[in-house]
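Just below is one structure, and these are the notes that go with it.
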Amino acid sequence: MREFSFRRPFSRILSGVLLLLPMLAASSLMAEQRSGNVYLLPPCVTTLGEQIDDLIKIIFWLCAAIFVLTQVTYVYYLIKYRRRPGVPAHYSHGNNTLEIIWTTAPTLVFLALAIYGNRIWENIHRPAPENSLVIDVSSYQFGWDMRYPGISGKLAPIDVRKIGPENRFGTDPENPLTAQDVVAPELVIPVGRPVHLLLHARDVIHSFYVPEFRLYQDCVPGRTIGWVWFQATRTGEFQLACNQLCGTGHYNMKAPIRVVTEEEFQKWLTPRQQKNAGTSQPATTAPSAPSAPQAASTAPKAAILTASPAKHTL
Ligand SMILES: [Cu+2]
3 MREFSFRRPF SRILSGVLLL LPMLAASSLM AEQRSGNVYL LPPCVTTLGE
53 QIDDLIKIIF WLCAAIFVLT QVTYVYYLIK YRRRPGVPAH YSHGNNTLEI
103 IWTTAPTLVF LALAIYGNRI WENIHRPAPE NSLVIDVSSY QFGWDMRYPG
153 ISGKLAPIDV RKIGPENRFG TDPENPLTAQ DVVAPELVIP VGRPVHLLLH
203 ARDVIHSFYV PEFRLYQDCV PGRTIGWVWF QATRTGEFQL ACNQLCGTGH
253 YNMKAPIRVV TEEEFQKWLT PRQQKNAGTS QPATTAPSAP SAPQAASTAP
303 KAAILTASPA KHTL
């Protein structure tokens, strides 16, 4: 067999293929970004989501570097030791030093990734901050209801066993707080403030899924999923979609999400709280940005009173 030369047809074809492959991969990455893009992640708008993205990026670039390194080495030796007349084959019986290196190196890399990933996991699962806004989310075939604290700043307590078609949230009709709760078909969230969700399902298992929040959590009938919290980093409009095949209308189980400024949020929430309380006076105890903590911190305790803690549930 003759020497590898770019003047030879076979060598030209081989070079062309080798050049074409990375170009094809790159062209996909350069395609116009849109929602539903299969190559790139959707924009990330939560603080914890940024940590998840960092881990994804580290793993991606690590894999990319290893891929390039191994493939370049592979092609180099493929050409260097190609069959040539008069050159006998060389038999290798292994190299213990190399074996140890390429076993130890990936082990250390995997261990480092596991420790780093675990730290992010702990961050995500730590208790919601004290100043969180607590929102009760009730999923059903096929839609979502949101419940905000009323003018007192407290959500009415619930009993998950009472949740059903007649009692969407499992609240006690006799409790005066129940009438004060603000119920909405959309999720309106103030930017820059932690939001603590209490996830419920009325009939079958649904899933709270917002790709831009990097959030995906099942809602299970008979349980309060109370560990989910996040903090939006910018305003915008997003969509809440059920990500658990839950019946014939699953495809259409969605709700709008609006991340707004604190001021806009109060403008949206306060009139509803006043209306439910039967007053048009400005609420003295209504939650506002700095004074929300006491409202938020007491509400989940009341709301989860009769529910299982459901910590670390996926
Ligand atoms: Cu569903």
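Heads up, the sequence shown is in this note's numbering, so the first residue is 3 and it goes up one at a time.
Glycine residues also receive a C-beta, built at the ideal position from the N, C-alpha and C atoms.
- In the structure shown, the three-state DSSP call for E266 is helix.
- One Cα belongs to P258, the other to P159, and the distance between them is close to 26 Å.
- Of all alpha-carbon atoms in N97, A181, P196, the one lying nearest the alpha-carbon of E132 is that of P196.
- Here the distance from the Cβ of H198 to the nearest heavy atom of ligand 1 is not below 7 Å.
- Per DSSP, the continuous beta strand (DSSP E) segment holding V136 begins and ends at 135-142.
- Cα atoms of L157 and L23: separation of roughly 57 Å, rounded to the nearest angstrom.
- In the assembly as shown, L100 is an exposed residue. Its beta-carbon has fewer than 16 other beta-carbons within 10 Å.
- Taking the Cβ of S140 as the reference point, every heavy atom of ligand 1 lies at 7 Å or farther away.
- Of the other Cβ atoms in all chains shown, 16 or more fall within 10 Å of the Cβ of A130; this residue is therefore buried.
- For the set K277, A203, E264, the Cα lying nearest the Cα of G224 is the one of A203.
- Counting only residues of its own chain and dropping the five nearest sequence neighbours on each side, P192 has a CB closer than 6 Å to the CB of E264, F267.
- Each of Q182, L179, N177, D147 was checked against the Cα of G166, and the nearest Cα belongs to D147.
- Fully contained in the stretch 228-262 are the following beta strand (DSSP E) runs of length 3 or more, in chain order: 231-233, 238-244, 256-262.
- Distance between L71 and R128, taken at the CA atoms: about 39 Å.
- Shown here for Y79: not one same chain residue has a beta carbon closer than 7 Å to its own, the five before and five after excluded.
- By the beta-carbon neighbour count (other beta carbons within 10 angstroms, threshold 16), H208 is buried.
- In the assembly as shown, P87 is an exposed residue. Its beta-carbon has fewer than 16 other beta-carbons within 10 Å.
- Setting aside the 5 residues that flank it on each side, Q53 is surrounded in the same chain by I122, N125, each with a C-beta closer than 7 Å to its C-beta; the list follows chain order.
- Rounded to whole angstroms, the Cβ separation of V261 and T237 is 5 Å, and the two are in contact under 8 Å.
- Look at which beta carbons fall closer than 5 Å to any heavy atom of ligand 1; those residues are H208, C244, C248, M255.
- A residue is called buried when at least 16 other Cβ atoms come within 10 angstroms of its Cβ; T75 does not meet this threshold and is exposed.
- With a cutoff of 8 Å on beta-carbon distance, D138 and F112 are scored as not near each other.
- Taking every protein chain shown into account, the CB of G251 has fewer than 16 other CB atoms within 10 angstroms, so this residue is exposed.
- From the listed residues L271, L16, W229, the smallest Cα separation to V77 is found for L16.
- By the 16-neighbour rule on beta-carbons within 10 angstroms, H95 is exposed.
- In the structure shown, the three-state DSSP call for R225 is coil.
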